[in-house]
Every structure is written in structure tokens, then in C-alpha cells.
Amino acid sequence: MSKKIWLVEHPTFRYVEDVKALARKGGLRIIDAERASNAEREAAVTAAEAPRLTLRPEFAPASKAAKQ
Numbered sequence: 023m024s025k026k027i028w029l030v031e032h033p034t035f036r037y038v039e040d041v042k043a044l045a046r047k048g049g050l051r052i053i054d055a056e057r058a059s060n061a062e063r064e065a066a067v068t069a070a071e072a073p074r075l076t077l078r079p080e081f082a083p084a085s086k087a088a089k090q
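Numbered per the numbering used here, the sequence shown finishes at 90, counting up by one with no gaps.
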């Protein structure tokens with residue numbers, strides 16, 4: 023049986039969680055969301071099924087208040 027596909031924005035070091043460990047635990051194959059083919063996108067798990075990831079503070083997008 024092939025592993026389910028988990029689309030993750032790379033690089034994975036931007037996340038607090040250990041992305042590879044979560045993928046192993048869930049039986050998921052990590053694919054770069056930006057480079058995924060249409061077939062991979064169709065086979066990917068839904069956002070509700072995928073593990074939650076948290077961006078590290080230094081990689082979080084700047085807020086509108088900080089830009090002004």
C-alpha cells in the first residue's frame with residue numbers, strides 16, 4: 023500500500039514541529055506543495071486529515087501593524 027500524500031510548504035525547518043516525524047507517525051509522504059503535480063494534489067490528504075503545523079515566529083508573515 024502506498025503512503026498518503028501530505029502537501030507541505032517547504033522548507034520544513036520553518037515549522038516548530040518535527041515534520042518528518044509527524045509524517046512517519048501518520049504514514050504520510052511529504053511533497054513540496056509548490057512543486058506537486060495535479061495527480062499528487064488529487065491524492066493528497068485534506069487539511070482536516072493532515073497534522074497541524076506551526077510556523078516558527080521568525081518565519082511568520084509580518085502583521086499589517088508592523089508594516090506601518
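Where is the CB? At the ideal position from N, CA and C, for every residue including glycine.
Quick check: Leu77 and Ala55, are their CB atoms within less than 7 Å of each other? no
Buried or exposed for Val38, going by 16 or more other Cβ atoms inside 10 Å? exposed
Residue burial classification, Ala66 (beta-carbon count within 10 angstroms, cutoff 16): buried
Taking the CB atoms as reference points, tell me whether Ile52 and Ala45 lie closer together than 7 Å. yes
Please confirm whether Ile27 and Glu71 have their CB atoms less than 7 Å apart. no
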